[in-house]
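Undergrad: Dropping a structure here in structure tokens format, bear with me for questions.
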């Protein structure tokens, strides 16, 4: 193992942030002015650092086999410098694709999807409330101007989606994966729609039910604990949104998902898919072990597709894409805002998790460590372009070539963008 030390010292010397290493035998290898300290309890974990297995080091930190001290932003700079290459470039051979497809098919039954959503979203409402905005919007914000706060940018995002969908009073509107209800409430209160949300999270469902009662929106807003595959096609909706949801669908089920959207949408209606997409054409998760880390600790069953693959499935289901917008750097800034807030409230977060009981209480420290790495690491990944965020607006053409102001539109979409931005 002694030959490993010079190799690691060489790796550290090229980093922009100075690092100190505490070795298993008690020795310390330190650079001048070290801002990050990594303390290893055994040589096997140190060897993973030598092999630049960033995800494995993250797992060792979560499990308590490695201790990390220093600001999270500095740690992420260290991680970027230690990566062996672009983690979006992974194996794309036919056997790897076949394995991923088989795994996807086996990971997205009704029962497994419900369990996977519960694993993430039902950690603790109070925990999420510590670092999200007051509306608990858990998706990419929209910084219309650089001086916006996170809360302002989240409201801008809610309105951006509603304006893209051209919501009008009395329209039947469906939000798939409605979270803590921010978009449902915004659409009902500001655009007068008849809103239905669905979620697989029991915590989120209970929270939205309370909001509906508090705001007196019974009869005009409802939320159901239901999988998208269980929705009835008999009464289609005028407008549909899906925010941060299709990442959980699975590549094997993407065709089923978009065909369901088609059947739930009235002819001429609009549907917005807002979700994380991959930065590489042919991979499903980040390399260097980072994707494995997310799968194990944060989003079991989550899968990412490149935007071109998503749009291919959209078209195959009979939906026409009319507008696609890339919000990648907006999500980087959103995640850094979440990360910075969590970092400033670590003691509170730990106490909240410990009080939660069950899995959360027993594993409070592990969950907190995992989320610290997840938020900051995801911010880094969006900044670097390894993953992205797209809003994809589509229509279900109604076949009426002469029915609109612009001949051939076949939907409510005006085929100009002015309506999104002009008041």
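Numbering (our numbering), first residue to last: 1013 to 1435.
Where is the CB? At the ideal position from N, CA and C, for every residue including glycine.
1. Residue ranges of each alpha helix (DSSP H) run of no fewer than 4 residues wholly in the segment 1227-1305, ordered along the chain?
2. Within a Cβ cutoff of 6 Å, which residues of the same chain sit near residue 1319, ignoring the five residues on either side of it in sequence?
3. Check whether the segment 1322-1335 touches the segment 1353-1372, counting contact only when three or more Cβ pairs, one atom from each stretch, lie closer than 8 Å.
4. For residue 1222, name the three-state secondary structure that DSSP assigns.
5. DSSP three-state call for residue 1357: helix, strand or coil?
6. Helix or strand or just coil, what does DSSP make of residue 1090?
7. Do residue 1256 and residue 1217 have their beta-carbon atoms positioned less than 8 Å apart in this structure?
8. Between the segment 1408-1422 and the segment 1162-1180, do at least 3 Cβ pairs fall closer than 8 Å?
9. Compare the C-alpha of residue 1213 against each of 1194, 1228, 1196 and 1236 and name the closest.
10. At a cut of 8 Å, does the segment 1376-1393 reach the segment 1241-1260 through at least three beta carbon pairs?
11. For residue 1176, is the classification buried or exposed, using 16 other Cβ atoms within 10 angstroms of its Cβ as the cut-off for buried?
12. Counting Cβ pairs, one atom from each stretch, are 3 or more of them under 8 Å apart for the segment 1346-1364 and the segment 1062-1080?
13. Compute every distance between the C-beta of residue 1381 and the non-hydrogen atoms of the ligand ADP, then say whether any falls below 7 Å.
14. Grouping DSSP H, G and I as helix and E and B as strand, with all else coil, what is residue 1411?
15. For residue 1168, report the span of its alpha helix (DSSP H) as first-last.
16. Going by the CB atoms, is the gap between residue 1205 and residue 1243 shorter than 8 Å?
17. According to DSSP, is residue 1155 part of a helix, a strand, or is it coil?
18. Less than 8 Å separating the beta-carbons of residue 1332 and residue 1406?
19. For residue 1149, count the other beta carbons within 10 Å of its own beta carbon; 16 or more makes it buried, fewer makes it exposed. Which is it?
20. Using the C-alpha atoms, what's the distance from residue 1345 back to residue 1263?
21. If you drop the 5 nearest sequence neighbours on each side, which residues of the same chain put their C-beta closer than 7 Å to that of residue 1421?
22. Would you tell me roughly how many angstroms separate the C-alpha atoms of residue 1046 and residue 1425, rounded to the nearest one?
23. Would DSSP call residue 1417 helix, strand or coil?
24. Please determine if the segment 1219-1235 and the segment 1265-1282 are in contact, where contact requires at least 3 C-beta pairs separated by less than 8 Å.
25. Reducing DSSP to helix, strand and coil, say where residue 1384 ends up.
26. Nearest-angstrom Cα distance between residue 1392 and residue 1095?
27. So, are the CB atoms of residue 1231 and residue 1211 less than 8 Å apart?
28. Roughly how many angstroms separate the alpha carbons of residue 1207 and residue 1048, rounded to a whole number?
29. Nearest to residue 1187 by alpha carbon, out of 1234, 1155, 1141 and 1040?
30. Span of the beta strand (DSSP E) holding residue 1188?
31. Going by C-alpha to C-alpha distance, which of 1033, 1069 and 1142 sits closest to residue 1359?
32. Terminal residues of the continuous beta strand (DSSP E) containing residue 1034?
33. Any idea what DSSP makes of residue 1139, helix, strand or coil?
34. Label residue 1120 either buried or exposed according to how many other C-beta atoms from any shown protein chain fall within 10 Å of its C-beta, with 16 as the threshold for buried.
TA: Looking at the coordinates:
1. 1266-1276
2. The residue labelled residue 1319 in the question sits at position 307 within the chain shown. The answer, listed in chain order, is 1289 and 1402.
3. The segment 1322-1335, when compared against the segment 1353-1372, does not touch it at the 8 Å Cβ threshold.
4. In the chain shown, counting from the first residue as 1, residue 1222 sits at position 210. Residue 1222: helix per DSSP, three-state reduction.
5. Taking the first residue of the chain shown as position 1, residue 1357 is located at position 345. Of the three classes helix, strand and coil, the one that applies to residue 1357 here is coil, per DSSP.
6. Along the chain shown, read from residue 1 onward, the residue named residue 1090 stands at position 78. Here residue 1090 sits in helix by DSSP.
7. Numbered from 1 along the chain shown, position 205 holds the residue referred to as residue 1217. Numbered from 1 along the chain shown, position 244 holds the residue referred to as residue 1256. No, the pair does not count as a contact, with Cβ atoms beyond the cut-off.
8. no
9. Translated into positions along the chain shown, residue 1213 becomes position 201. Residue 1236 is the option with its Cα nearest to residue 1213.
10. no
11. Reading the chain shown from its first residue, position 164 is the one you call residue 1176. The residue is buried, with at least 16 neighbouring Cβ atoms inside 10 Å.
12. no
13. Among the components modelled here there is no ligand, and therefore nothing to report on the ligand ADP.
14. Here residue 1411 refers to the residue found at position 399 when the chain shown is read from its first residue. In the structure shown, residue 1411 sits in coil (DSSP, three-state: anything other than H, G, I, E or B).
15. Here residue 1168 is taken as the residue at index 156 of the chain shown, counted from 1. Element bounds for residue 1168: 1162-1176.
16. Taking the first residue of the chain shown as position 1, residue 1243 is located at position 231. Taking the first residue of the chain shown as position 1, residue 1205 is located at position 193. No, they are not a contact pair.
17. On the chain shown, residue 1155 is found 143 positions in, with the first residue counted as 1. Three-state DSSP puts residue 1155 in coil, outside helix and strand.
18. Locating residue 1332 in the chain shown gives position 320, where the first residue counts as 1. Locating residue 1406 in the chain shown gives position 394, where the first residue counts as 1. Contact: yes.
19. For the purposes of this step, residue 1149 is taken as the residue at position 137 of the chain shown. Label assigned to residue 1149: buried.
20. Taking the chain shown and counting its residues from 1, the one referred to as residue 1263 is at position 251. Taking the chain shown and counting its residues from 1, the one referred to as residue 1345 is at position 333. Taking the straight line from one Cα to the other gives about 27 Å.
21. Position 409 of the chain shown, counting from 1, holds the residue named residue 1421. Hits under 7 Å: 1427.
22. Start at 1 with the first residue of the chain shown, and residue 1046 comes out as number 34. Start at 1 with the first residue of the chain shown, and residue 1425 comes out as number 413. Each residue's Cα considered, the two are about 56 Å apart.
23. Mapped onto the chain shown, residue 1417 falls at position 405. Correct three-state label for residue 1417: coil.
24. no
25. On the chain shown, residue 1384 is found 372 positions in, with the first residue counted as 1. Three-state result, residue 1384: helix.
26. For the purposes of this step, residue 1392 is identified with residue 380 of the chain shown, where counting begins at 1. For the purposes of this step, residue 1095 is identified with residue 83 of the chain shown, where counting begins at 1. Rounded to whole angstroms, residue 1392 to residue 1095 spans 12 Å at the Cα level.
27. Counting from 1 along the chain shown, the entry for residue 1231 is found at position 219. Counting from 1 along the chain shown, the entry for residue 1211 is found at position 199. No, the pair does not count as a contact, with Cβ atoms beyond the cut-off.
28. Sequence index remark: in the chain shown, residue 1207 carries index 195 (1-based). Sequence index remark: in the chain shown, residue 1048 carries index 36 (1-based). So the two alpha carbons sit approximately 48 Å from each other.
29. Working through the chain shown from its first residue, we reach residue 1187 at position 175. With distances taken between Cα atoms, residue 1187 lies closest to 1234.
30. Translated into positions along the chain shown, residue 1188 becomes position 176. 1184-1188 is the span of the beta strand (DSSP E), which, as asked, contains residue 1188.
31. On the chain shown, residue 1359 is found 347 positions in, with the first residue counted as 1. Answer by Cα proximity: 1142.
32. Within the chain shown, residue 1034 is the residue found at index 22, counting from 1. Run containing residue 1034: 1031-1034, per the beta strand (DSSP E) assignment.
33. If you number the chain shown from 1, residue 1139 lands on position 127. Residue 1139 falls in the helix class under three-state DSSP.
34. In the chain shown, counting from the first residue as 1, residue 1120 sits at position 108. Unreliable positioning characterises residue 1120 in this predicted model, as indicated by a pLDDT of 49, which lies under 50. The coordinate reading is nonetheless provided below. Flag for residue 1120 reads buried.
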